[in-house]
């Protein structure tokens, strides 16, 4: 069945400016600018007034209708990234061999040594726009950035670089895992 | 309620017929039949009252204020009263068509 019309709006808060042209959304805020294209989706994205973005779908089928809300969620994440930023905390967990992490290139990549006693040095580069730094807490570091996809993908790259091979993973729980997902600017 | 700014298919929307036997004429959408077709009538432009697929219609910026299902006699009166032909002729779309004919 085709739904005649579905739409959803995103309200843009003060201090953030948004512009849309040909399904390319540009969000500007105090922490920077984020751009995202939705040209792979057949939805209408328009600005209504100066501070509302409306996403519409005409005659959509079940799966196409789902795209409306996901576009709105992506835009909301862009707004959050540009006002508050995204902060992911990762903890190194080990049973016997301490995991040594050294942040390189001023926060652009991280080197992981002595994972499970291995001599192999793992080097993980952060995506552009993401910076990594060690935290005051032991065995913890912090990823910061504006784009939620970049930050979470960088965290996933680190987590997946410390996978255990040829062992029972229920027993060998070593690795670096995401412990907390918050914002750079603390929200009250 | 937030409304988007598009030309909507609605009762009273004046449409330009883009292909078919009545190509090039104006007609008013008098009623919507289903997802693909509308009941269309253009008493002053030589379009008899009939159903047309939306694919053959190009929506103009002119909307008439008529009730749904208005009969041709009263539709003609409303067309003349609301000066639809004059509004159409003053649009750049109509002027471009006229220039092409020259």
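Chains as they are written, first to last, in my numbering: chain A, 33 to 220; chain B, 878 to 979.
Glycine included, C-beta positions come from ideal geometry on N, C-alpha and C.
Computed from a prediction, not measured in an experiment: that's the story for all the values here.
Asked, Found
"How close, in whole Å, do the beta carbons of residue 148 (chain A) and residue 129 (chain A) come, if the pair is a contact with beta carbons under 8 Å?", "6 Å"
"From A:213, A:204, A:159, A:72, pick the residue whose C-alpha is nearest to that of residue 185 (chain A); which is it?", "A:159"
"Skipping 5 residues on each side, what residues in its chain have a beta carbon closer than 7 Å to that of residue 155 (chain A)?", "141, 143"
"Tell me where the beta strand (DSSP E) around residue 109 (chain A) begins and ends.", "From DSSP, residue 109 (chain A) is part of no beta strand (DSSP E) but of the alpha helix (DSSP H) over 94–115."
"Under 9 Å between beta-carbons, which chain D residues line up against residue 882 (chain B)? List them in chain order, please.", "Of the chains in the structure shown, none is chain D; the protein chains are A and B."
"Could you check whether residue 180 (chain A) and residue 83 (chain A) sit closer than 7 Å to each other, using their CB atoms as the reference points?", "no"
"Give the range of the alpha helix (DSSP H) segment to which residue 952 (chain B) is assigned.", "949–958"
"Under 7 Å between the Cβ atoms of residue 918 (chain B) and residue 907 (chain B)?", "yes"
"Please decide whether residue 108 (chain A) counts as near chain B, where near means a Cβ-Cβ distance under 7 Å.", "no"
"Return helix, strand or coil for residue 61 (chain A), following the three-state DSSP convention.", "strand"
"Closest to residue 85 (chain A) by C-alpha separation, out of A:208, A:92, A:76, A:91, would be which residue?", "A:76"
"Are the C-beta atoms of residue 86 (chain A) and some chain B residue less than 7 Å apart?", "yes"
"Would you check if the distance between the CB atom of residue 195 (chain A) and the CB atom of residue 119 (chain A) is smaller than 7 Å?", "no"
"Identify the continuous alpha helix (DSSP H) that holds residue 181 (chain A) and give its terminal residues.", "180–193"
"Counting Cβ pairs closer than 8 Å, one from the region 111–127 of chain A and one from the region 203–214 of chain A, do we hit at least three?", "yes"
"How would you write the range of the beta strand (DSSP E) that residue 214 (chain A) sits in, first residue to last?", "207–214"
"Tell me which residue opens and which closes the alpha helix (DSSP H) that residue 968 (chain B) is part of.", "Careful: residue 968 (chain B) lies outside any alpha helix (DSSP H) and carries neither H nor E."
"So, does the region 161–169 of chain A touch the region 884–896 of chain B, judging by three or more C-beta pairs under 8 Å?", "no"
"Can you pull the chain B residues whose beta carbon is under 7 Å from the beta carbon of residue 70 (chain A), in chain order?", "Ordered by position in chain B, no residue passes the 7 Å Cβ test against residue 70 (chain A), which lies about 16 Å from the chain."
"Since residue 938 (chain B) is in the beta strand (DSSP E), which residue starts that stretch and which ends it?", "934–940"
"When you compare the CB positions of residue 117 (chain A) and residue 198 (chain A), do they come within less than 7 Å of one another, or not?", "no"
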